[in-house]
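Visitor: After the structure tokens below, expect a handful of questions from me.
There are 2 protein chains.
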Amino acid sequence: MKAKIYVTPKKAVLDPQGKAVANALHGLGYAAVGDVHIGKYMEIELKATDQAAAKKQLDEMCHRILSNPVIEDYRFELEG
Amino acid sequence: MKAKIYVTPKKAVLDPQGKAVANALHGLGYAAVGDVHIGKYMEIELKATDQAAAKKQLDEMCHRILSNPVIEDYRFELEG
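Going line by line, the protein sequences match chains H and Y. Under my numbering, the first residue of the first sequence carries the number 4, and numbering increases by one thereafter. Under my numbering, the first residue of the second sequence carries the number 4, and numbering increases by one thereafter.
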């Protein structure tokens, strides 16, 4: 099965990368652009058959290595 | 409205970051992990009312600044 993982900065945390991109877009004339938030998107192939076990393992992976839980939130979808 | 943008490395392009994460996960004992692909996830607030115009502008933004079309693919969803 395939997991899609989204890691985003927590709302309370400063997002300098997002601010920089917003400024760059304004500078190019895209005045309609408001807040920009930038995170990570990961696709992981999993050789697993048990959906519940795969979810548990993914949650552990996200917490331990794929995100920094102090400043980031994560969510994932499991397909197939 | 709010745009969600996904930027991923093209399939034919080497993804060293994905390989590194896959190796790290294997090293931690997650043997079920296969291929890993790492991209970017962006959320942009748009002060716009015309959905078609917003889509056109977003596509232009993705092509010009938010992705590198030589080595990356992008797709986006528009909400609200």
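From the three backbone atoms N, C-alpha and C, an ideal C-beta is built for every residue, glycine too.
1. How would you list, in chain order, the residues of chain H whose beta-carbon sits under 9 Å from the beta-carbon of Y/D38?
2. Y/A35 and H/A55 look like a contact to me (Cβ under 8 Å); what is the Cβ gap, rounded to whole Å?
3. Going straight from the alpha carbon of Y/Y44 to that of Y/F79, what length do you get?
4. Under three-state DSSP, which class holds Y/D76?
5. For H/L40, which residues does DSSP report across the bridge?
6. If contact means a Cβ-Cβ distance below 9 Å, which residues of the region 9–21 of chain H contact chain Y?
7. Using a Cβ cut-off of 9 Å, pull out every chain Y residue sitting near H/Y77, in sequence order please.
8. Determine the extent of the beta strand (DSSP E) in which Y/K7 is found, giving its start and end residues.
9. Grouping DSSP H, G and I as helix and E and B as strand, with all else coil, what is Y/L81?
10. Determine whether the Cβ of Y/A6 lies closer than 7 Å to any Cβ atom of chain H.
Guide: For this structure:
1. Result: E46, I47, E48.
2. For a cut-off of 8 Å, the C-beta gap from Y/A35 to H/A55 is around 14 Å, too long to register as a contact.
3. 10 Å
4. strand
5. Checking the displayed sequence, the identity of residue 40 of chain H turns out to be His instead of Leu. The partner list for H/H40 (beta bridge, DSSP) reads Y/E46.
6. Y9, V10, T11, G21
7. Those within 9 Å of H/Y77 in chain Y number zero; the least Cβ separation is about 11 Å.
8. 5–12
9. strand
10. no
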